[in-house]
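Working notes, structure below.
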Amino acid sequence: MEKIRDAILSGDLNAAGDIPVPDHYRAVTVHADEVDMFAGLETRDKDPRKSLHVEDVATPELGPGEALIAVMASAINYNTVWTSIFEPLDTFGFLRRYGKTSELAKRHDLPYHVVGSDLAGVVVRTGPGVQAWKPGDAVVAHCLSVELEHPDGHNDTMMDPEQRIWGFETNFGGLADLALVKSNQLMPKPAHLTWEEAASPGLVNSTAYRQLVSHNGAAMKQGDTVLIWGASGGLGSYATQFALNGGATPVCVVSSPQKAEICRRMGAELIIDRAAEDYRFWSDEDTPDPREWKRFGARIRELTGGEDPDIVFEHPGRETFGASVFVARRGGTIVTCASTSGFMHSYDNRYLWMHLKRIVGSHFANYREASEANRLIAKGKIHPTLSKSYPLTEVGQAAYDVHRNAHQGKVGVLCLAPEEGLGVTNPELRAKHLTEINRFRGV
Numbered sequence: 008m009e010k011i012r013d014a015i016l017s018g019d020l021n022a023a024g025d026i027p028v029p030d031h032y033r034a035v036t037v038h039a040d041e042v043d044m045f046a047g048l049e050t051r052d053k054d055p056r057k058s059l060h061v062e063d064v065a066t067p068e069l070g071p072g073e074a075l076i077a078v079m080a081s082a083i084n085y086n087t088v089w090t091s092i093f094e095p096l097d098t099f100g101f102l103r104r105y106g107k108t109s110e111l112a113k114r115h116d117l118p119y120h121v122v123g124s125d126l127a128g129v130v131v132r133t134g135p136g137v138q139a140w141k142p143g144d145a146v147v148a149h150c151l152s153v154e155l156e157h158p159d160g161h162n163d164t165m166m167d168p169e170q171r172i173w174g175f176e177t178n179f180g181g182l183a184d185l186a187l188v189k190s191n192q193l194m195p196k197p198a199h200l201t202w203e204e205a206a207s208p209g210l211v212n213s214t215a216y217r218q219l220v221s222h223n224g225a226a227m228k229q230g231d232t233v234l235i236w237g238a239s240g241g242l243g244s245y246a247t248q249f250a251l252n253g254g255a256t257p258v259c260v261v262s263s264p265q266k267a268e269i270c271r272r273m274g275a276e277l278i279i280d281r282a283a284e285d286y287r288f289w290s291d292e293d294t295p296d297p298r299e300w301k302r303f304g305a306r307i308r309e310l311t312g313g314e315d316p317d318i319v320f321e322h323p324g325r326e327t328f329g330a331s332v333f334v335a336r337r338g339g340t341i342v343t344c345a346s347t348s349g350f351m352h353s354y355d356n357r358y359l360w361m362h363l364k365r366i367v368g369s370h371f372a373n374y375r376e377a378s379e380a381n382r383l384i385a386k387g388k389i390h391p392t393l394s395k396s397y398p399l400t401e402v403g404q405a406a407y408d409v410h411r412n413a414h415q416g417k418v419g420v421l422c423l424a425p426e427e428g429l430g431v432t433n434p435e436l437r438a439k440h441l442t443e444i445n446r447f448r449g450v
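For the sequence shown, the residue numbers in this note's numbering are 8 to 450.
See below:
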């Protein structure tokens, strides 16, 4: 791996494809025999630093339509946090089920799981049938792994019954020095970004694009008012950018003055600091408080000049969902994914059915949506929200930061890249957008 890394660092990417691939590589794993290690602990007290291991693993066999990527950088997503604390269930069930689908898929059913659903790096090998990519190509990867052997997937690949999230529901993910992907996960690396910056948007940028922009999600249009929960976070920061770029008006919900300032840097003007205004949407663990929904809705109308949100960009889940349904305008849309505060939602259905609102479930993105989202990054229309990067050896701390919400935007992880700031091949475009690229740095 050192020779491959050195070839990439020298700028001779094609040479990286001529170097023999080692039979083992460094990777971040969880272990099947440790899935009960946090039994009896509250979610908040489960520590990814104890469950994520950095170790050598065997290089997987390369199959048809697949590629091996030398990973320069990756990033932390909530799915890696969930994997590391084995909630809501351990991911080895995913790997076992996938392993039963074919002889080739058996590779994924192992007593360890290489995690991670983002990467930026260089193709070093391609399997039979791969035509669009070759060794030496600088790439990023989206996390949709799909078989496309069923008709349901051919209108929208997210509908394929064998759709999985790479590095979460499959093995050999991106928090490693090598990663195994399907070639139709690959997209060109944005040339003006460093490796760690290019790795950071993948999952969240594509997810926000489908959820907010695509006709498969909320189909946002010019003039819409969009309520965005966690608007400075890994997912919400991209939703905020899409709203601003698309002629909509974001109403950004944050939890601190520092996060409010980040939204202002992105160009948002309507901001609610929910901590400062002390919204408590639950009277107790089991009882929602509709009075707080109404107080929240009144605050939104105060900011917008009397308008309710056309779209509510939902991802916290249980804690906020009742308020989201209530505040959406008559005929409005609540588009939801993730549920980071809990999967069991509670809301008053009268405000949904009598006001003709819609709840739309949205999950990651299909290849076309991911490609469109990446194209906007490459053109400098949408910018990465990377705040901090860790070396691979400190991945447990990186995941812990995200688990405890002690981060802003995205947290990156350096894999083969020895330091930050490498990999830029279009310095002119970078110089044009340097302020936007760096606005989350060090926050």
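Quick reminder that beta carbons are idealized off the backbone N, C-alpha and C, glycines included. Note that the structure is predicted; figures quoted are calculated from it, not measured.
Rounded to the nearest whole angstrom, the CA to CA distance from Phe45 to Glu435 is 49 Å. A residue is called buried when at least 16 other Cβ atoms come within 10 angstroms of its Cβ; His222 does not meet this threshold and is exposed. Secondary structure note for Lys417: it is in no alpha helix (DSSP H), and the uninterrupted beta strand (DSSP E) holding it is Lys417 to Leu421. In the three-state reduction of the DSSP assignment, His410 falls in the helix class. Looking at the DSSP output, Cys259 bridges to Ile235 and Ile278.
Our two residues, Lys113 and Leu277, have alpha carbons roughly 51 Å apart in a direct line. With respect to the 8 Å criterion, Ser152 and Thr133 are not classified as neighbours on the basis of their beta carbons.
Annotation for Pro398: no alpha helix (DSSP H) segment contains it, though the beta strand (DSSP E) segment containing it runs Leu393 to Pro398.
Taking a cut-off of 8 Å on C-beta distances, the region 382–398 does not touch the region 178–186, as fewer than three cross pairs fall below it.
Counting only the Cα atoms, Ile341 lies some 26 Å from Arg382. Ranking Lys141, Gln138 and Pro67 by CA distance to the CA of Leu117 puts Pro67 first.
Annotation: Ala275 to Pro316 spans about 15 Å, alpha carbon to alpha carbon. The beta-carbon distance between Glu321 and Trp236, rounded to whole angstroms, is 6 Å. This is short enough to meet the 8 Å contact definition. Burial check for Ser58: the Cβ neighbour count within 10 Å reaches 16 or more, so the residue is buried. Just measuring C-alpha positions, the residue of Arg281, Asn412, Val35 and Gly349 sitting nearest Trp300 is Arg281. Its chain contains Arg446 as the residues whose beta carbon lies nearer than 7 Å to that of Arg272, once the 5 sequence neighbours on both sides are disregarded; these appear in chain order.
The DSSP-derived three-state label of His120 is strand. Close CB contacts of Val64 within its chain, under the 7 Å cut and outside five residues either way in sequence, are with His31, Tyr32, Ala34, Thr36, Tyr119 and Val121 (chain order). Using a 10 angstroms sphere on the CB of Met361, the tally of other CB atoms stays under 16, which defines it as exposed. Within the DSSP secondary-structure output, Asp291 pairs in a beta bridge with Thr294.
Nearest Cα to Asn212 within the set Leu111, Ile26 and Gly243: Gly243. Per the coordinates, the alpha-carbon of Leu421 lies some 23 Å from the alpha-carbon of Gly387.
Assignment of Val130 by DSSP, reduced to helix, strand and coil, places it in the strand class. Sequence-distant partners of Gly136 (beyond 5 residues in either direction) whose C-beta falls short of 7 Å from its own C-beta, in its chain, are Pro71 and Gly72. If you check the CB distance, Val130 and Pro195 do not come in under 8 Å. Here DSSP, grouped into helix, strand and coil, assigns Ile307 to helix. In its chain, beyond the 5 residues on either side, Glu299 have a beta carbon closer than 6 Å to the beta carbon of Arg287. Here Met351 is exposed. Its C-beta has fewer than 16 other C-beta atoms within 10 Å. If you look at Arg103, you'll find it in the alpha helix (DSSP H) that goes Phe99 to Gly106. Counting C-beta pairs closer than 8 Å gives three or more between the region 168–182 and the region 78–91, which meets the contact rule. Under a 10 Å Cβ-count criterion, Asp40 is classified as exposed, with fewer than 16 other Cβ atoms of the shown protein chains found around its own Cβ. Excluding five sequence positions before and after Val61, the CB atoms of its chain that fall closer than 7 Å to its own CB belong to Arg33, Val35, Leu399, Thr400 and Val402, given in chain order. Judged by DSSP secondary structure, Lys141 falls outside any alpha helix (DSSP H); it is assigned neither H nor E.
The C-beta of Leu441 has fewer than 16 other C-beta atoms within 10 Å across all chains shown, which makes the residue exposed. Asp167 is classed as buried because its beta carbon has at least 16 other beta carbons within 10 Å across all chains shown.
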